[in-house]
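In the numbering used here, the protein residues as written are 242 to 634.
Beta carbons are placed, not taken as given, at the ideal position from N, Cα and C, and that holds for glycine.
Notes to accompany the following structure.
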């Protein structure tokens with residue numbers, strides 16, 4: 242099988258997609274009957290991060306200063322460079338969707354689309370009119386014409402159905418590398434003098450309103466005010482790349498709330514530095530309004546951290562198995578759960594982290610994810626009984 246994998250970015254600028262596209266592609270390329278070809282857009286970090294794809298050597302499409310939303314003049318050339326049996330497109334609302342649905346798919350090659358949580362209600366409300374127009378012009382045509390739509394979980398399948406899509410759907414989650422060599426014996430990526438005898442509650446992700454960071458800061462203020470004994474023992478560390486200057490607004494909020502001494506912004510961390518932050522944290526929080534299936538939570542469980550998250554993270558298994566505390570997006574709910582966590586002893590916190598790690602072992606690892614994709618690709622080309630991960634309307 243020759244699979245053409247199309248992604249907007251080939252670098253860390255893709256955020257979680259850098260892991261979720263790259264990891265299964267590399268594993269699938271080892272299968273004796275599968276050849277993976279990857280195509281993506283050039284960006285600031287492509288030259289550095291391209292080596293993370295080895296042994297795959299991606300085809301990089303050039304851009305111009307006027308390029309917008311993943312536009313490149315190289316699409317036609319890249320699509321015609323080598324024949325392929327299946328196209329797998331990751332992400333939506335990009336120029337690649339317009340190209341596939343309107344300009345390209347003349348030979349009716351089967352294709353799979355992975356929206357990556359971009360059809361859930363909060364995501365659709367963000368830039369709503371742009372998405373309504375794009376949906377009318379090309380996006381709905383692309384999605385309705387897909388041979389299979391890939392969802393990360395039941396919640397995303399429901400969002401796709403609510404958008405008017407009828408499948409078939411393959412439900413395959415994201416995974417994690419349990420044997421990552423970057424995860425052992427790393428020094429904290431912060432000045433220990435500023436955190437003497439402090440426990441660390443870590444946020445890791447984009448600095449964006451949808452992540453619930455404003456509500457987190459308000460909740461942190463409540464926690465610090467109401468639980469003064471525990472509050473003095475904890476610091477909140479926020480790690481991630483700033484989108485649209487939102488970090489400056491959050492720092493201003495910290496000053497207005499009087500919590501700037503206990504909240505620390507470290508900027509983006511990648512590779513070993515990111516794993517060092519997770520390894521040296523005591524707990525993890527993600528108060529998001531909208532997610533597909535967040536890699537940050539899986540990475541926290543990889544480091545056996547107890548997690549606080551909203552149900553919008555679409556990981557109900559975490560609550561069921563005792564690996565996470567559930568919050569809504571209100572500051573009061575966030576403050577209560579932080580206080581509950583802070584009151585736990587070390588053994589109970591460790592028990593939560595172990596429960597998360599066992600979830601990764603049983604369900605969220607890349608070998609299982611790649612095997613499911615392989616079965617879906619074979620079914621698309623060969624027919625027969627659908628794999629267990631495939632669902633119809």
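query	result
Terminal residues of the alpha helix (DSSP H) in which residue 464 lies	454-467
Where residue 444 falls, given that 16 or more other Cβ within 10 Å makes a residue buried	buried
Chain-order list of residues whose beta-carbon lies under 6 Å from that of residue 382 (same chain, five-residue window excluded)	342
Length of the line joining the Cα atoms of residue 627 and residue 617	8 Å
Simplified DSSP state of residue 281, which is helix, strand or coil	strand
Closest Cα partner of residue 592 within the set 611, 523, 537	523
Beta-carbon proximity of residue 565 to residue 549, cut-off 8 Å	yes
Under the three-state DSSP convention, the category residue 570 falls into	coil
Given residue 478 as reference, the closest of 470, 585, 485, 495 once Cα atoms are compared	495
Sufficient close CB pairs (3 or more, under 8 Å) joining the stretch 392-405 to the stretch 542-561	yes
Validate contact between the stretch 460-470 and the stretch 578-593 using beta carbons, cut 8 Å, 3 pairs	yes
Three CB pairs or more closer than 8 Å across the stretch 313-328 and the stretch 296-304	yes
In chain order, each alpha helix (DSSP H) run of at least 4 residues that lies wholly inside the stretch 517-605	536-543, 557-561, 572-583, 587-603
Cβ neighbours of residue 594 in the same chain (closer than 8 Å, five flanking residues each side left out)	542, 544, 545, 546, 547, 564
Residue(s) in a DSSP beta bridge with residue 412	392
Cut-off 6 Å between Cβ atoms - residues of its own chain near residue 276, not counting five sequence neighbours on either side	243
Pairwise C-alpha distance: residue 311 and residue 372	16 Å
When 414, 358, 334 are compared against residue 613, the one with the closest alpha-carbon	414
Burial state of residue 528 (16 or more Cβ within 10 Å)	buried
Helix, strand or coil at residue 449 according to DSSP, with G and I counted as helix	coil
Option in 417, 568, 365, 520 with minimal Cα separation from residue 539	417
Cβ separation of residue 358 and residue 258, assumed to be a contact under 8 Å, to the nearest whole Å	About 10 Å; that fails the 8 Å criterion.
Residue 363 - DSSP class collapsed to helix/strand/coil	helix
Three-way DSSP call (helix, strand, coil) for residue 635 in this model	A query on residue 635 cannot be resolved here, the shown segment of the chain reaching from 242 to 634 and no further.
Own chain residues within Cβ distance below 8 Å of residue 602, not counting five before or after	419
Residue 475 (DSSP reduced to helix, strand or coil)	strand
Limits of the unbroken beta strand (DSSP E) element including residue 507	504-508
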